[in-house]
Amino acid sequence: MEQTNFQLKKQDAQSNEWSARLHHATRATREDWMGRGISYLCIGVIILVVASMLWFITSKGLATFTQNHVNVWQFLTGTNWSPDTGHIGAAPMIVGSFAVTFAAAIVATPFAVGTAIFMTEISPNKGRKLLQPVIELLVGIPSVVYGFIGLAVVVPFMRHLVGGSGFGIISATFVLFVMVLPTITSMTVDSLRAVPRHYKEASLALGATRWQTVSRVILRSATPGILTAIIFGMARAFGEALAVQMVIGNAAVMPKNLISAASTLTSQLTSGIGDTIDGTLPNNALWSLALILLLMSLFFNALVRVIAKRGQLKHER
Amino acid sequence: MNAKRKDFVATVMINLIVAAVVGILVFLLTYILVAGLPHVSWTFLTGTTDAFSGAGGIGVQLFNSFYLLVLTMLISIPISLGAGIYLAEYAKDNWRTSLIRSAIEVLSSLPSVVVGLFGFLLFVVKFKIGFSVISGAIALTFFNLPLLTRNIEESLSAVSSSQREAGLSLGLSKWKTEIGIILPVALPGIVTGVVLSAGRVFGEAAALIYTAGQSAPVTNFADWNPMNADSPLNPLRPAETLAVHIWKINTEGLATNAAALSAAASAVLIIAVLLFNLSARLLGNYLYRRVTASK
Numbered sequence: 001m002e003q004t005n006f007q008l009k010k011q012d013a014q015s016n017e018w019s020a021r022l023h024h025a026t027r028a029t030r031e032d033w034m035g036r037g038i039s040y041l042c043i044g045v046i047i048l049v050v051a052s053m054l055w056f057i058t059s060k061g062l063a064t065f066t067q068n069h070v071n072v073w074q075f076l077t078g079t080n081w082s083p084d085t086g087h088i089g090a091a092p093m094i095v096g097s098f099a100v101t102f103a104a105a106i107v108a109t110p111f112a113v114g115t116a117i118f119m120t121e122i123s124p125n126k127g128r129k130l131l132q133p134v135i136e137l138l139v140g141i142p143s144v145v146y147g148f149i150g151l152a153v154v155v156p157f158m159r160h161l162v163g164g165s166g167f168g169i170i171s172a173t174f175v176l177f178v179m180v181l182p183t184i185t186s187m188t189v190d191s192l193r194a195v196p197r198h199y200k201e202a203s204l205a206l207g208a209t210r211w212q213t214v215s216r217v218i219l220r221s222a223t224p225g226i227l228t229a230i231i232f233g234m235a236r237a238f239g240e241a242l243a244v245q246m247v248i249g250n251a252a253v254m255p256k257n258l259i260s261a262a263s264t265l266t267s268q269l270t271s272g273i274g275d276t277i278d279g280t281l282p283n284n285a286l287w288s289l290a291l292i293l294l295l296m297s298l299f300f301n302a303l304v305r306v307i308a309k310r311g312q313l314k315h316e317r
Numbered sequence: 001m002n003a004k005r006k007d008f009v010a011t012v013m014i015n016l017i018v019a020a021v022v023g024i025l026v027f028l029l030t031y032i033l034v035a036g037l038p039h040v041s042w043t044f045l046t047g048t049t050d051a052f053s054g055a056g057g058i059g060v061q062l063f064n065s066f067y068l069l070v071l072t073m074l075i076s077i078p079i080s081l082g083a084g085i086y087l088a089e090y091a092k093d094n095w096r097t098s099l100i101r102s103a104i105e106v107l108s109s110l111p112s113v114v115v116g117l118f119g120f121l122l123f124v125v126k127f128k129i130g131f132s133v134i135s136g137a138i139a140l141t142f143f144n145l146p147l148l149t150r151n152i153e154e155s156l157s158a159v160s161s162s163q164r165e166a167g168l169s170l171g172l173s174k175w176k177t178e179i180g181i182i183l184p185v186a187l188p189g190i191v192t193g194v195v196l197s198a199g200r201v202f203g204e205a206a207a208l209i210y211t212a213g214q215s216a217p218v219t220n221f222a223d224w225n226p227m228n229a230d231s232p233l234n235p236l237r238p239a240e241t242l243a244v245h246i247w248k249i250n251t252e253g254l255a256t257n258a259a260a261l262s263a264a265a266s267a268v269l270i271i272a273v274l275l276f277n278l279s280a281r282l283l284g285n286y287l288y289r290r291v292t293a294s295k
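Going down the list, the protein sequences come from chains A and B.
Residue 223 in the working numbering sits at position 223 of the first sequence, and the numbers go up by one each step.
Residue 91 in the working numbering sits at position 91 of the second sequence, and the numbers go up by one each step.
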């Protein structure tokens, strides 16, 4: 009797232990919970950063219009930027930013597309061994170094060539051209490589020359990708601050020509934000410039998406 | 002009373009090195800067650059590792994931000056920490996170799913599989990405001007207690980096030999960035051979 009772108790304990083990999470499950928690936390941090960045800059940038009651239209089109006297027309900076961005993209695109064609169609071997490192090195050079070279080489060169101070939109264009060149090139290379091989083979089989194949088949079918590349380059040019600030001359006046001192949104921000007092009109006005930068960056982002979507549709059809 | 001739002309044009692009790089590098290297000396690399004119050595700035880099990497690698694992492993293909991806894309496309201004607003204006190493490191983290996350996610996703299945079939948890099996295989790609981003962080200046500040107070290199005010490790002191220094002496500096100084500093910066790029390649290849046991 004693014996069986003991055995029963033992069995009971055993089954209890099993049920405990089966009804509770195993170590592996707990590990999984922990892993899930950690990775959710990390992604949460990034989302928080993005959200607070958008929120803070938007609310700061809108203060000019809500607290200082500046008319949005006057802000965007006014040409007189002297915040200390209450005049904040941002048009000179907006025009400057767009001018250098478009000019740099226009100059850089032929170079980038030509280099990309060389790397994919003419000499893939040299492209990989020689040009790939060249592009990577150009990406790696820090923007202040570009700015310094612009200051030491491009500005004096322009001064000799066309006169004036040498500072201005044309010098900024030169510097930005070199800075966006690797961005546009490497993305164009990717989109040229993505063109299906049989397109090219079909064209060559019809007796087309290499240039005919490249210009009428490959470039055409890679157009969405190349446009995306150009927009990425423009986004980089639009947001570049220091290199531009060093060579453009930083005069907040409407640019009369390409060789007079001008300013961009970024250059005005970098040279101005440290000298203004938080909460005052001159400070708020600068934050509004930052808001324009932010919105333009979002706009470029959206544009890339639209082009990617349309490009996809075309390929599916 | 017939088709053959057009083809020839186009080929010549493209060759000229390529020559121009290569020429630009060669010119940039030789200009910097020729103009800068003669002024680089041991006293320049370790000397202190004259606070008023900006002339003198770059010892403190060089230290600041590396210190900020290390801090930035300490903060950003764990976060982007977790986020990368989330995107590669846990994220389902739904609207929430695509929203997260767009958020990361937005962060990566923001101009670095905007990131710097946000850091300025948050740490210097709102939290009143002032221009400091820690503000700069966090601003650089914001700037670094999206690229590093994407790199880690791509490296993890590239690992074949049979490895994942093997781990799970052994009864390992998803997390253990990821950390113990997938991560080591993906390591070469991740390390390459990390070192490349280190080069980018090292040369960044726009995000730092208003977060880590533009002054490099003389620090006492004998005092390594981070709590002391003039210790080089003190995270609350302002820290002008090498890249910011180059910008500063060119725009506001009063040094008479500003051009020579900034050429020398640029040469040092370029060499550091080149070393980062080179070591990214070598380290990636080495780790790849070690992990895959291939030659």
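For every residue, glycine included, the Cβ atom is placed at its ideal position computed from N, Cα and C.
Tell me, which residues are paired with residue i by DSSP?
i, result
"residue 87 of chain A", "A:82"
"residue 249 of chain A", "A:262"
"residue 56 of chain B", "B:49"
Taking the alpha-carbon positions, what's the residue i to residue j distance?
i, j, result
"residue 114 of chain A", "residue 213 of chain A", "14 Å"
"residue 42 of chain B", "residue 259 of chain B", "19 Å"
"residue 132 of chain A", "residue 124 of chain A", "10 Å"
"residue 75 of chain A", "residue 187 of chain A", "36 Å"
"residue 370 of chain B", "residue 109 of chain B", "One cannot answer for residue 370 of chain B here, as it falls past the ends of chain B, which runs 1 to 295."
"residue 292 of chain A", "residue 94 of chain A", "9 Å"
"residue 153 of chain A", "residue 275 of chain A", "29 Å"
"residue 83 of chain A", "residue 278 of chain A", "14 Å"
"residue 281 of chain B", "residue 162 of chain A", "44 Å"
"residue 242 of chain B", "residue 70 of chain B", "15 Å"
"residue 287 of chain A", "residue 67 of chain B", "30 Å"
"residue 310 of chain A", "residue 223 of chain A", "11 Å"
"residue 80 of chain B", "residue 146 of chain B", "8 Å"
"residue 40 of chain A", "residue 76 of chain B", "15 Å"
"residue 37 of chain A", "residue 186 of chain B", "22 Å"
"residue 184 of chain B", "residue 291 of chain B", "7 Å"
"residue 247 of chain A", "residue 118 of chain B", "25 Å"
"residue 287 of chain B", "residue 46 of chain B", "34 Å"
"residue 23 of chain B", "residue 98 of chain B", "42 Å"
"residue 138 of chain A", "residue 25 of chain B", "7 Å"
"residue 106 of chain B", "residue 114 of chain B", "12 Å"
Verify whether the separation of the beta carbon atoms of residue i and residue j is less than 8 Å.
i, j, result
"residue 158 of chain A", "residue 143 of chain A", "no"
"residue 49 of chain A", "residue 123 of chain B", "no"
"residue 62 of chain B", "residue 60 of chain A", "no"
"residue 249 of chain A", "residue 168 of chain A", "yes"
"residue 263 of chain B", "residue 35 of chain B", "yes"
"residue 264 of chain A", "residue 100 of chain A", "yes"
"residue 181 of chain B", "residue 118 of chain A", "no"
"residue 185 of chain A", "residue 112 of chain A", "yes"
"residue 217 of chain A", "residue 200 of chain A", "yes"
"residue 85 of chain B", "residue 156 of chain B", "yes"
"residue 69 of chain A", "residue 78 of chain A", "no"
"residue 64 of chain B", "residue 216 of chain B", "yes"
"residue 48 of chain B", "residue 59 of chain B", "yes"
"residue 307 of chain A", "residue 228 of chain A", "yes"
Decide if residue i is buried, meaning its Cβ has at least 16 other Cβ atoms within 10 Å, or exposed.
i, result
"residue 189 of chain B", "buried"
"residue 277 of chain B", "buried"
"residue 196 of chain A", "exposed"
"residue 9 of chain B", "exposed"
"residue 243 of chain A", "buried"
"residue 248 of chain B", "buried"
"residue 71 of chain A", "exposed"
"residue 250 of chain B", "buried"
"residue 81 of chain A", "buried"
Interface positions of the region 17-35 of chain B facing chain A (Cβ-Cβ less than 8 Å), listed along the chain: Those residues of the region 17-35 of chain B that come within reach of chain A (Cβ to Cβ, closer than 8 Å) are 17, 18, 20, 21, 22, 24, 25, 28, 29, 31, 32, 35.
Residues of the region 102-117 of chain B in Cβ contact with chain A at a cutoff of 9 Å, in chain order, please. Residues passing the 9 Å Cβ filter: 102, 103, 104, 105, 106, 107, 109, 110, 111, 112, 113, 114, 115, 116, 117.
Chain B contacts made by the region 145-165 of chain A, where a contact means CB separation under 9 Å: Listed by position along the chain: 145, 146, 147, 148, 149, 151, 152, 153.
Got a sec: which bits of the region 268-302 of chain A sit with their beta carbon under 7 Å from any beta carbon on chain B, in order along the chain? Taking 7 Å as the Cβ-Cβ cut-off, the region 268-302 of chain A approaches chain B at 269, 270, 273, 274, 278, 290, 293, 294, 297, 298, 300, 301, given in chain order.
Short of 7 Å Cβ to Cβ, which residues in the region 75-89 of chain A face chain B? Going along the region 75-89 of chain A in chain order, one finds no residue with a Cβ nearer than 7 Å to chain B.
Report the residues of the region 193-218 of chain A with a CB closer than 7 Å to any CB of chain B, ordered along the chain. Correct list: 209, 210, 211, 212.
Contact set between the region 191-202 of chain B and chain A, restricted to residues whose Cβ is under 9 Å from the partner: Contact annotation: in the region 191-202 of chain B, residues whose CB is within less than 9 Å of a CB in chain A are 196, 199, 200, 202.
For the region 131-164 of chain B, which residues have a beta carbon sitting closer than 8 Å to at least one beta carbon of chain A? Within the region 131-164 of chain B, the qualifying residues are 142, 145, 146, 149.
In chain order, what residues of the region 250-275 of chain B put their CB closer than 8 Å to some CB of chain A? Result list: 250, 251, 259, 262, 263, 266, 269, 270, 273, 274.
Looking at chain A, which residues of the region 170-183 of chain B have a Cβ within less than 9 Å of any of its Cβ atoms? Hits within the stretch, in order: 171, 172, 173, 174, 175, 176, 178, 179.
Interfacial residues, the region 35-46 of chain A to chain B, with Cβ spacing under 7 Å: Only those residues of the region 35-46 of chain A whose C-beta falls short of 7 Å from the nearest C-beta of chain B are listed: 35, 36, 38, 39, 40, 41, 42, 43, 45, 46.
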